[in-house]
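Residue numbers (numbering that gives the first Met the number 0): 0 to 279.
For glycine and all other residues, C-beta sits at the position ideal for the given N, C-alpha and C.
If you're wondering where the values come from, they're calculated on a predicted model, not measured in any experiment.
Okay, structure first, notes after.
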Amino acid sequence: MKNKTLRIGLWMIAIILSLLGTIYLVAWKSPKYYKLEKAYNSKDSIVPFRDYSAYANHPRPFVVEGENFVIVGAPHTRDPKNPDLRLVHQKWNRLKPTMALVEGRLGFLIPYLMDPVKQLGEGGYVKKLASKDGVPVYTWDLSKESLAVALQDSFSKEQIALGQILNPYFSNLRFGKPASPENYIQPFLKRAAYVGQEAGFKNAADVDLAWKKYFPQGPDWRDVSDEKELPGYLSSMMAASNDLRNRHLVGIVKELTAKNEKVFLICGSSHAFCVSPAFR
Numbered sequence: 000m001k002n003k004t005l006r007i008g009l010w011m012i013a014i015i016l017s018l019l020g021t022i023y024l025v026a027w028k029s030p031k032y033y034k035l036e037k038a039y040n041s042k043d044s045i046v047p048f049r050d051y052s053a054y055a056n057h058p059r060p061f062v063v064e065g066e067n068f069v070i071v072g073a074p075h076t077r078d079p080k081n082p083d084l085r086l087v088h089q090k091w092n093r094l095k096p097t098m099a100l101v102e103g104r105l106g107f108l109i110p111y112l113m114d115p116v117k118q119l120g121e122g123g124y125v126k127k128l129a130s131k132d133g134v135p136v137y138t139w140d141l142s143k144e145s146l147a148v149a150l151q152d153s154f155s156k157e158q159i160a161l162g163q164i165l166n167p168y169f170s171n172l173r174f175g176k177p178a179s180p181e182n183y184i185q186p187f188l189k190r191a192a193y194v195g196q197e198a199g200f201k202n203a204a205d206v207d208l209a210w211k212k213y214f215p216q217g218p219d220w221r222d223v224s225d226e227k228e229l230p231g232y233l234s235s236m237m238a239a240s241n242d243l244r245n246r247h248l249v250g251i252v253k254e255l256t257a258k259n260e261k262v263f264l265i266c267g268s269s270h271a272f273c274v275s276p277a278f279r
């Protein structure tokens, strides 16, 4: 009886391990950062993000395209029925890309069990198209570490750490307020280490303390969305960050097309508009 129970137990363990292994093999992992071989060419002009509000009524989606590339700037969505996704599909089929680039790191997803748009937004839809066609996917974004280091020329380390921790929350609030904002930011506290501020940001209470230092009159960070201009220094930091990211985006597309790659890139509509002068 004991031997039979042991055999059953071993079979169950083997089945579980096999299932976990299968899930690991088929699951989507976060795309790697594309590393530029050459620095951004300063002759490639962009619209500075601080000036973007003057042009914010531009068409959406905003598409920038050439013979070997398409940049689709689309409003962020998690609605699989969003009509903008049809345009993404059309542009993808027209270009027949050899390289796909998405905004951010996306995240873990199990195909067929999880909807890529509901889980990962429009970038998830591009990842779905790329997986179907066997096209490699990278993120066009700068790594958070690189961005944090670059921002030190203009902002204090504490300011950078606070912004890096809260930026994911500000971006996600448009999809609904989480039951616990404090729990939501917990995984991002480690970002303070990018600028050596981990000792000052161990929990949500530390975030509250730093927030009140810079925004004593409010608003509460729990109510802040980046759909609107961020308060105080965060607005300037967002503009500086987007300029750095947009220059990186331009450099990647130009480098890849120079290598005869056909590049499909998805980003927010503001990014597409701001980089458009570099491709005229």
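- Beta-carbon spacing of residue 159, residue 185 below 9 Å: Judged by their CB atoms, residue 159 and residue 185 are not nearer to each other than the 9 Å cut-off.
- Rounded to whole angstroms, what's the CA-CA distance from residue 256 to residue 90? Just pull it up for me. C-alpha separation (whole angstroms): 17 Å.
- Message: Does the structure place the segment 152-171 close enough to the segment 55-69 that three or more beta carbon pairs sit under 8 Å?
- Response: No, because fewer than three Cβ pairs between the segment 55-69 and the segment 152-171 fall closer than 8 Å, the two stretches do not touch.
- Query: Out of curiosity, what's the CA-to-CA distance linking residue 52 and residue 218?
  - Reply: One C-alpha to the other measures close to 22 Å.
- Classification of residue 92 by the beta-carbon crowding that lies within 10 angstroms, buried from 16 upward: With a 10 Å radius around the Cβ and a threshold of 16 neighbouring Cβ atoms, residue 92 comes out exposed.
- Message: Would residue 35 and residue 150 qualify as a contact pair, given that the criterion is a beta-carbon distance under 9 Å?
- Response: Annotated as distal: residue 35 and residue 150, with beta-carbon spacing of 9 Å or more.
- Query: Under the three-state reduction of DSSP, which class applies to residue 98: helix, strand or coil?
  - Reply: Looking at residue 98 - three-state DSSP - the assignment turns out to be strand.
- Compare the Cα-Cα distances from residue 309 to each of 261, 275, 191 and report the closest residue. Any answer about residue 309 is impossible in this case: the structure gives the chain only from 0 up to 279.
- Could you give the distance in angstroms between the alpha-carbon of residue 30 and the alpha-carbon of residue 103? Roughly 9 Å separates the two Cα atoms.
- State yes or no: is the C-beta of residue 99 within less than 9 Å of the C-beta of residue 274? The answer is no: Cβ separation not under 9 Å.
- Return helix, strand or coil for residue 263, following the three-state DSSP convention. Strand, per DSSP.
- Report buried or exposed for residue 225, applying the criterion of at least 16 other Cβ atoms within 10 angstroms of its Cβ. The C-beta of residue 225 has 16 or more other C-beta atoms within 10 Å across all chains shown, which makes the residue buried.
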